[in-house]
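Residue numbers for the sequence shown follow my numbering, so the first one is 196 and each next one is one higher.
What follows is a set of notes on a single structure, which appears directly below.
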Amino acid sequence: MSPEAYRESLRDGRSIFYRGRRIEDVNQEPDLKVGVELAVLDYEMGEDPSLRDVAVDHDPVTGTEFSRYYRIPKSCEDLTDRLHLIELGTERGGTIPPLIKEIGTDALFALLRVLEGEALEKAKAFYQHCRDGDLAVAVAQTDVKGDRSLSPHQQEDPDLYLRVVEQRPDGIVVRGAKAHTSASPNAHELIVLPTRAMGPDDADYAVAFAVPINTEGLNLYVSSFSGGEHNEFEHPLSSRTKMLESLTVFDDVFVPWDRVFLCGEPRLCGSIALTFVEYHRFTAVSYKLPLLDAFVGAAATIAEMNGVPKAGHIRDKLAALITYAESVRALTEMAALRGRVDAHGIAYPDPMTTNMAKFTFAKGFHEAVAQVQECAGGLLVTGPGQEDWDSPEIRPVLEKYLRGAVPAEERMRMMNLIADITARDFGGYHAVLAIHAEGSVEAEKMQILRSYDPQQAVTRARQFAGLD
196 MSPEAYRESL RDGRSIFYRG RRIEDVNQEP DLKVGVELAV LDYEMGEDPS LRDVAVDHDP
256 VTGTEFSRYY RIPKSCEDLT DRLHLIELGT ERGGTIPPLI KEIGTDALFA LLRVLEGEAL
316 EKAKAFYQHC RDGDLAVAVA QTDVKGDRSL SPHQQEDPDL YLRVVEQRPD GIVVRGAKAH
376 TSASPNAHEL IVLPTRAMGP DDADYAVAFA VPINTEGLNL YVSSFSGGEH NEFEHPLSSR
436 TKMLESLTVF DDVFVPWDRV FLCGEPRLCG SIALTFVEYH RFTAVSYKLP LLDAFVGAAA
496 TIAEMNGVPK AGHIRDKLAA LITYAESVRA LTEMAALRGR VDAHGIAYPD PMTTNMAKFT
556 FAKGFHEAVA QVQECAGGLL VTGPGQEDWD SPEIRPVLEK YLRGAVPAEE RMRMMNLIAD
616 ITARDFGGYH AVLAIHAEGS VEAEKMQILR SYDPQQAVTR ARQFAGLD
């Protein structure tokens with residue numbers, strides 16, 4: 196799909212609300228258009244001759260070309276290639292990934308691995324539909340949950356987990372809501388997955404399916420976070436990149452049976468949720484890498500510009516930032532190298548190493564932010580704005596007094612990059628993502644414990660203690 200065809204495809208009558216208004220065209224709403232243009236990067240990569248080996252794949256039987264995101268991984272090499280593709284897309288997106296095919300294929304791979312029989316055939320058909328149409332696919336997994344001490348069927352309001360309210364000969368009707376749905380306003384299709392393991396009493400909530408974004412009764416309430424105009428001088432990244440997130444409400448949405456992958460089978464909910472997470476956290480740590488590189492590069496550069504690159508405390512902070520960034524990178528690459536192949540012949544990243552990478556990223560993030568800010572200084576928040584910099588009367592004063600080892604403009608532009616990714620609303624967005632996106636720190640620790648086989652370590656400890 197060409198970039199222009201992608202933009203035009205979003206004019207399909209989808210129901211979107213933003214800042215108290217219904218939005219008729221996401222291409223025309225300034226805040227939402229930034230998110231659309233972020234997604235366009237993926238379609239531009241597919242048309243870039245220099246990136247064809249990275250971004251485009253071929254069906255070995257038919258020769259049909261398709262986005263490399265849709266390649267079903269069959270080996271550790273495929274997983275490594277996927278890591279590099281996600282990293283490249285995120286670099287082009289200014290530390291934010293397009294996320295219109297990454298997360299959708301995470302879900303598709305999970306369905307292809309877990310489902311059986313007729314449900315598996317449906318998933319294969321949907322995969323083919325998305326791959327051959329070069330579609331943008333979002334995923335709605337996280338239920339709003341209500342009182343988290345209660346299971347789905349125990350909630351005072353039964354709609355606080357998405358549920359099936361009617362089964363008909365031609366399909367099902369669902370009601371409820373999902374939160375934190377990334378890229379949904381600018382996707383074509385939406386895959387809905389269970390958020391957790393469920394018991395027999397939660398059968399109505401055991402549901403997985405796919406619907407077009409413009410389906411009747413599907414309403415997207417887009418987050419207003421980081422909205423409004425961001426000028427290029429003060430916001431070098433956030434002025435051109437934005438992930439659109441929604442509260443996704445299903446108001447008695449009809450889903451035909453050929454798009455229903457799971458209905459009334461609680462036993463599969465946990466497997467689908469966890470298998471999706473195996474891919475999605477690998478995607479997460481892959482797209483964190485450009486941000487961590489930016490931390491290291493910006494800290495080192497601003498130290499040079501401030502004239503303090505050899506100061507002992509600066510060198511300590513740079514060493515810590517390098518160790519942090521390269522630890523996450525090494526664990527991410529190791530997750531691919533340790534990948535396994537299941538009974539379907541589909542490769543998946545090593546769950547333990549993937550969660551170790553995500554845990555290392557999340558636990559070290561806020562300390563890394565502080566280290567970058569300490570290398571920079573207080574001008575991150577007291578520096579001049581765009582209007583002052585553009586003023587013929589004020590700019591000479593700023594250029595005289597705000598220079599360091601380099602001219603003031605170079606120094607202030609680097610300061611503004613650091614402020615954008617650590618101190619302003621874009622930096623706040625990254626900080627919350629570090630803690631909550633793709634699963635909490637506690638969820639990652641649980642998965643590390645679940646994935647680790649202690650037998651070798653226990654055997655050695657017993658031998659060393661003289662017990663065996």
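Glycine residues also receive a C-beta, built at the ideal position from the N, C-alpha and C atoms.
Does DSSP classify residue i as helix, strand or coil?
| i | result |
| --- | --- |
| Asp447 | strand |
| Glu286 | helix |
| Met209 | The amino acid occupying residue 209 in the given sequence is Arg; Met does not appear at that position. Coil at Arg209, not helix or strand. |
| Ile267 | coil |
| Thr376 | strand |
| Ile386 | strand |
| Ile218 | strand |
| Pro407 | strand |
| Glu351 | coil |
| Ala542 | strand |
| Val309 | helix |
| Val601 | coil |
| Glu588 | coil |
With a 10 Å radius around its C-beta and 16 neighbouring C-beta atoms as the bar for buried, classify residue i as buried or exposed.
| i | result |
| --- | --- |
| Ala302 | buried |
| Asp329 | buried |
| Ile589 | exposed |
| Thr300 | buried |
| Tyr543 | buried |
| Ala250 | buried |
| Glu427 | exposed |
| Ser481 | buried |
| Glu473 | buried |
| Met641 | exposed |
| His664 | Residue 664 cannot be examined here, being either before or after the span of the chain that is shown, 196 to 663. |
| Val231 | buried |
| Val402 | buried |
| Pro485 | buried |
| Leu227 | buried |
| Thr207 | Residue 207 is actually Asp in this sequence, not Thr. Exposed, by the Cβ-count rule. |
What are the boundary residues of the beta strand (DSSP E) that residue i is part of?
| i | result |
| --- | --- |
| His625 | Note, His625: premise wrong, no beta strand (DSSP E); alpha helix (DSSP H) at Asp620 to His631. |
| Val339 | Premise fails: Val339 is in no beta strand (DSSP E) and is neither H nor E. |
| Ala335 | Val332 to Ala335 |
| Asp252 | Val251 to His253 |
| Ser262 | Glu260 to Ser262 |
Taking 8 Å as the threshold (beta carbon to beta carbon), is residue i in contact with chain B?
| i | result |
| --- | --- |
| Thr337 | The structure shown has no chain B; it contains just one protein chain. |
Nearest to residue i by CA position, among the options, is which residue?
| i | options | result |
| --- | --- | --- |
| Tyr322 | Pro244, Leu307, Arg657 and Glu311 | Leu307 |
| Asp342 | Ala335, Ala333, Leu355 and Ala614 | Leu355 |
| Gly492 | Leu310, Tyr474 and Leu513 | Leu513 |
| Arg277 | Glu528, Phe560, Val576 and Gly599 | Glu528 |
| Thr436 | Glu286, Pro255, Leu274 and Ala652 | Glu286 |
| Tyr647 | Gly572, Thr548, Asn381 and Glu429 | Thr548 |
| Ala603 | Met500, His625 and Arg510 | Met500 |
| Thr478 | Gly540, Gly502 and Leu294 | Leu294 |
| Glu682 | His324, Val332, Asp396 and Ala314 | No answer is possible for residue 682: it lies beyond the span of the chain, which begins at 196 and ends at 663. |
| Thr376 | Ile517, Val455, Ser635 and Leu442 | Leu442 |
| Val448 | Arg510, Val368, Cys570 and Leu388 | Val368 |
How is the alpha helix (DSSP H) around residue i delimited, first residue to last?
| i | result |
| --- | --- |
| Val229 | Pro225 to Glu242 |
| Glu313 | Gly312 to Gly328 |
| Arg363 | Premise fails: Arg363 lies in the beta strand (DSSP E), Arg358 to Arg363, not in any alpha helix (DSSP H). |
Quiz item: Curious, which full-length beta strand (DSSP E) runs of at least 3 residues does the stretch 413-487 contain?
Solution: Listed in chain order, the complete beta strand (DSSP E) runs (minimum 3 residues) inside the stretch 413-487 are 413-417, 440-451 and 455-458.
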